[in-house]
Amino acid sequence: MFALQKSNKKVSSRVQIAIKGARDGILLLPNNQYRMVLAISSINFELKSEAEQDALIDTYQSFLNSLGCNVQILVRIREMDMDKYINEFTSRMQHEKEPIYKEQLKNYTAFVRSLIKTNKILARHFYIVIPQDSKDEDFDAIKEHLHLNADIIAKGLSRMGMHSTALTSLEVLDLFYSFYNPGQAKRQPITNQTLELLHRSYL
Numbered sequence: 328m329f330a331l332q333k334s335n336k337k338v339s340s341r342v343q344i345a346i347k348g349a350r351d352g353i354l355l356l357p358n359n360q361y362r363m364v365l366a367i368s369s370i371n372f373e374l375k376s377e378a379e380q381d382a383l384i385d386t387y388q389s390f391l392n393s394l395g396c397n398v399q400i401l402v403r404i405r406e407m408d409m410d411k412y413i414n415e416f417t418s419r420m421q422h423e424k425e426p427i428y429k430e431q432l433k434n435y436t437a438f439v440r441s442l443i444k445t446n447k448i449l450a451r452h453f454y455i456v457i458p459q460d461s462k463d464e465d466f467d468a469i470k471e472h473l474h475l476n477a478d479i480i481a482k483g484l485s486r487m488g489m490h491s492t493a494l495t496s497l498e499v500l501d502l503f504y505s506f507y508n509p510g511q512a513k514r515q516p517i518t519n520q521t522l523e524l525l526h527r528s529y530l
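In terms of our numbering, the sequence shown opens at residue 328 and continues consecutively.
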């Protein structure tokens with residue numbers, strides 16, 4: 328219920344980030360503004376040959392020039408939740424019957440625990456945010472336009488060997504939630520039930 332409690336502070340974090348909610352994977356903002364967020368896969372540019380790098384740069388330039396809308400490119404570096412990772416191996420170790428495999432799981436779990444004591448395990452996530460500002464209140468028309476732009480972007484990225492996936496309503500809200508409340512997001516992740524309650528409270 329923490330996510331549903333309206334803040335008594337003069338300026339709550341919800342007001343600061345100005346989010347009305349999310350519907351069908353589309354972020355709803357004040358003043359008839361909408362955003363769609365695509366999660367983008369990455370490629371290892373440094374491992375490419377010089378010719379491949381030049382080809383990628385040319386393709387990327389063509390991709391940017393072909394866009395019919397503004398986009399925001401977001402790169403997020405986030406600490407991985409290693410507790411969950413370790414718990415999975417601990418559970419496997421408890422159910423493993425072969426002594427040799429059980430010992431290997433034990434040693435690997437101990438290695439990971441020692442590693443994260445002195446090092447943070449980081450993961451990079453890449454997103455493209457597609458905007459849509461419209462005086463038209465027909466949400467279906469707005470959604471169709473955003474999906475059309477998303478399809479164009481996805482095809483452009485695919486030419487560089489990259490894949491894109493549109494975030495769901497839950498995922499896009501969780502993205503902001505984890506930005507502003509990283510500790511809370513780890514302890515109490517947002518759920519579909521919370522999303523439904525948010526819709527009832529604010530939309």
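Glycine included, each C-beta is placed from N, C-alpha and C at the ideal position.
Top-ranked residue by Cα proximity to residue i, from the options
i    : options                : result
Q459 : A450, R451, I469       : I469
D385 : L502, R486, F503       : R486
S368 : I443, I400, F503       : I400
H490 : A477, P357, T436       : A477
S379 : G488, G348, G483       : The question names Ser, but residue 379 in the sequence shown is Glu. For E379, the nearest C-alpha among the options comes from G488.
E406 : Y454, F466, N446, K429 : N446
F453 : Y387, H472, E464, T492 : T492
Y412 : D501, I353, F438       : F438
K482 : L354, L355, S389, A450 : S389
Alpha carbon of residue i to alpha carbon of residue j, nearest angstrom
i    : j    : result
Y361 : D408 : 30 Å
A366 : R350 : 17 Å
Q332 : V364 : Any reading at Q332 needs caution, since the residue's pLDDT is 47, under 50, leaving its predicted position unreliable; the model's value is listed next. Distance between the alpha carbons of Q332 and V364 is about 26 Å.
L432 : S441 : 14 Å
S461 : D410 : 43 Å
L383 : L484 : 10 Å
A455 : A345 : It should be pointed out that residue 455 corresponds to Ile in this sequence rather than to Ala. Taking the straight line from one Cα to the other gives about 19 Å.
I480 : H472 : 13 Å
Y387 : D501 : 29 Å
N414 : K429 : 14 Å
L391 : I443 : 39 Å
G352 : L475 : 14 Å
L354 : G348 : 6 Å
F329 : E377 : Residue confidence is low: F329 scores 40 on pLDDT, short of 50, so the model does not pin down where it sits. Its coordinate-derived value is still stated next. Those two C-alpha atoms are separated by around 51 Å.
Residues bridged to residue i [DSSP beta-bridge criterion]
i    : result
Q399 : V456
M363 : I353, I457
A481 : Answer by DSSP bridge pairing: none, since A481 is not bridged.
L449 : E406
S491 : I367
Test item: CB-CB of residue i and residue j under 9 Å
i    : j    : result
F503 : R403 : no
D463 : N359 : yes
F466 : Y435 : no
Proximity test, residue i beta-carbon vs the ligand GDP heavy atom, cut-off 8 Å
i    : result
I353 : As for the ligand GDP, it is missing from this structure, which has no ligand bound.
Cβ pair count under 8 Å reaching 3, the region 386–398 against the region 490–510: no
Across the region 372–385 and the region 422–432, are there enough close Cβ pairs to call them in contact, namely three or more that are closer than 8 Å? no
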